[in-house]
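Have a look at the structure below, then the notes.
Residue numbers (our numbering): 79 to 350.
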């Protein structure tokens, strides 16, 4: 573990209200955690795994130089001005931000169920965190898949993807656009049908993207978001992220029906 551990941990903690909150969720002594932040000591293997599972990063990523790590997790620089004037990409999306309706009631954590584009015939379970930040709605989606050539069961046998994106509530639909932040080579879009019930449980939608195979085949799948709440045990949730067989007992009948209810009509992939 490099000397960047402390600064990288501080950056991860900045996404929470306080370091005390992080320590409480991790069940790690505050004084001990402060020594990690100050670079005075290194986590044990057990604590390092808990920290990595909680933040959704790998041990080798925490050892990266601070600037490289900041780019990896999509942290914004304090200098948001673009040399020579304003950012045309921000200007392009500004009308959407003005037109979009508030969607604070949908903020929180979700399990996302979808038909896996990379391994057809399997259900991919991901973890999504939708949050409000300075009037904008941002989200992060974590995916984790076991390598097909898996042999030992170690951390190196898992392939992880981390998507960062923005969400807009337009004309009674939730539109979410994101990119894969670890490689920067993929953009996907999700459209969800909101729930107007007093209690949010599950949201139906469609997601488009590409498979991670050599052919990078464009694909579309039905998707189901299951609301978990504003506060969750991230470690336990992260450990559930993987591929499941469609008949796995952990995938209930309602999820299975929603994922399989797609149809083509006049050449269009539609959902009711």
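Idealized CB from N, CA, C, for every residue including glycine.
### Task
Alpha carbon to alpha carbon, how far is residue 214 from residue 172? Give it in angstroms, no decimals.
11 Å
### Message
Whole angstroms are fine: how far does the CA of residue 237 sit from the CA of residue 230?
### Response
Confidence in residue 230 is poor, its pLDDT being 44 and thus under 50, which makes the residue's placement unreliable; the coordinate value appears in the next sentence. For residue 230 and residue 237, the distance between alpha carbons rounds to 14 Å.
### Query
Over what stretch of residues does the alpha helix (DSSP H) that includes residue 124 continue unbroken?
123-133
### Query
Would you call the region 271-279 and the region 310-330 in contact, with 3 or more CB pairs under 8 Å?
no
### Message
For residue 222, tell me which candidate among 145, 329, 135 has the shortest Cα-Cα distance.
### Response
135
### Message
Here's a check: name, in chain order, each residue in its chain whose Cβ is nearer than 6 Å to the Cβ of residue 267, leaving out the five neighbours to either side.
### Response
255, 286
### Query
What three-state label does DSSP hand residue 160 in the structure shown?
Here residue 160 scores only 42 on pLDDT, less than 50, and its place in the model is too uncertain to base an answer on.
### Query
Whole-angstrom Cβ separation of residue 259 and residue 151, contact assumed at under 8 Å?
7 Å
### Task
For residue 178, count neighbouring C-beta atoms within 10 Å of its own C-beta (all shown protein chains included) and say buried if the count is 16 or more, exposed if not.
buried
### Query
Is residue 192 buried or exposed, if buried means 16 or more other CB atoms sit within 10 Å of its CB?
buried
### Query
Is residue 333 helix, strand or coil by DSSP?
helix
### Query
Count the other CB atoms within 10 Å of the CB of residue 218; is the residue buried (16 or more) or exposed (fewer)?
buried
#### Entry: residue 172 - DSSP class collapsed to helix/strand/coil
helix
### Query
What is the residue span of the beta strand (DSSP E) that residue 103 lies within?
Per DSSP, residue 103 belongs to no beta strand (DSSP E); it is in the alpha helix (DSSP H), 97-104.
### Three CB pairs or more closer than 8 Å across the region 83-91 and the region 130-149
yes
### Query
Per DSSP, residue 274 is paired with what?
Note: residue 274 sits in no beta bridge, so no partner.
### Task
Apply the 10 Å Cβ neighbour rule to residue 118 and answer buried if 16 or more other Cβ atoms are within range, or exposed otherwise.
exposed
### Query
Excluding the five sequence neighbours on either side, which residues of its own chain have a C-beta within less than 6 Å of the C-beta of residue 91, listed in chain order?
97, 100
### Query
With a Cβ-Cβ cutoff of 9 Å, do residue 207 and residue 186 count as a contact?
yes
### Query
Under three-state DSSP, which class holds residue 281?
strand
### Task
Could you name the residues that DSSP lists as bridge partners for residue 146?
DSSP lists no partner for residue 146.
### Query
Terminal residues of the continuous beta strand (DSSP E) containing residue 110?
Not the beta strand (DSSP E): residue 110 falls in the alpha helix (DSSP H), residues 108-115.
### Given residue 216 as reference, the closest of 190, 120, 184 once Cα atoms are compared
184
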